[in-house]
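**Q** By UniProt numbering, the letter at position 78 of the sequence shown is numbered 78, and the numbering carries on one by one without gaps. Have a look at the structure that comes next, please.
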Amino acid sequence: MSIHGFFQTVPLEGTALALLGAALAVGLPCAGSATGVGTVGRAGAGLLSVDPGKFSRVLVMQILPGTQGLYGLVIWFFALTKLGFFSGELAHLTPFQGLEFFGACLPVALGGLIFGIVQGRICAGGLSLIAKKPNDLSRSVILAIMMEFYAILALLASFLMLNHFQF
């Protein structure tokens with residue numbers, strides 16, 4: 001049985017799948033960002049206990065993993081707008097359309113989760129560099145921004161796929 005035939009026999013509302021995709025698009029990146037920001041916060045607290053004067057450098061490094069949550073929020077808002085959620089006229093999708101919409105939300109959902117956690121680890125490692133060489137903040141930021149590039153690609157992929165839908 002093909003996947004299309006499967007969804008014809010199973011009573012599954014496509015709009016529910018689309019809304020689940022939108023929820024994951026914001027929830028998973030926020031979880032990744034929270035984990036990453038927490039990782040940097042723990043490392044930063046240790047550094048600040050020794051040298052409180054490095055607070056601004058620690059803050060810069062702690063902000064970076066939080067961007068994935070913002071990207072997820074952008075896609076969540078765009079997805080719900082596409083579905084007509086804010087206008088009060090929610091689109092009625094077939095199960096296959098809902099699955100497509102769900103899939104369009106996955107790049108930012110999964111990417112944001114993974115990239116937020118990994119970027120937090122990179123930023124925490126960057127604090128070790130800053131502890132020894134306080135003037136090397138820019139090098140630490142550049143290392144963290146390398147991960148940011150891929151988060152932006154995931155954001156772009158989800159945006160372009162969602163932009164395809166016309167209801």
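Heads up, the beta-carbon is just placed ideally off N, CA and C, and yes, glycines get one too.
Between Leu155 and Gln119, is the Cβ-Cβ spacing less than 8 Å?
**A** No, the pair does not count as a contact, with Cβ atoms beyond the cut-off.
**Q** Considering only the alpha carbon of each residue, which of Ile152, Val141, His164 and Ala157 lies closest to Leu59?
**A** Nearest C-alpha to Leu59: Val141.
**Q** Is DSSP giving residue 213 helix, strand or coil here?
**A** The requested residue 213 is not part of the displayed model; the chain covers only 1 to 167.
**Q** Rounded to a whole number of angstroms, what is the C-alpha to C-alpha distance between Pro95 and Gly103?
**A** Taking the straight line joining both Cα atoms gives about 12 Å.
**Q** CA-CA distance, Met161 and Arg139?
**A** For Met161 and Arg139, the distance between alpha carbons rounds to 34 Å.
**Q** Going by beta carbon distance, what residues of the same chain come within less than 7 Å of Leu80, once the five residues before and after it are set aside?
**A** So the list reads Ala22 and Phe86, once near-sequence residues are dropped.
**Q** Does Ala91 come out as helix, strand or coil in the three-state DSSP assignment?
**A** Coil, per DSSP.
**Q** Please classify Gly98 as buried or exposed, where buried requires at least 16 neighbouring CB atoms within 10 angstroms.
**A** Result: buried.
**Q** Could you tell me how far apart the beta carbons of Gly66 and Val37 are, in whole angstroms, since I believe they sit closer than 8 Å?
**A** Yes, Gly66 and Val37 are in contact; Cβ-Cβ is about 5 Å, under 8 Å.
**Q** Rounded to whole angstroms, how far is the Cβ of Ala109 from the Cβ of Leu20, which I believe are closer than 8 Å?
**A** That belief does not hold up - the Cβ atoms of Ala109 and Leu20 are roughly 10 Å apart, past 8 Å.
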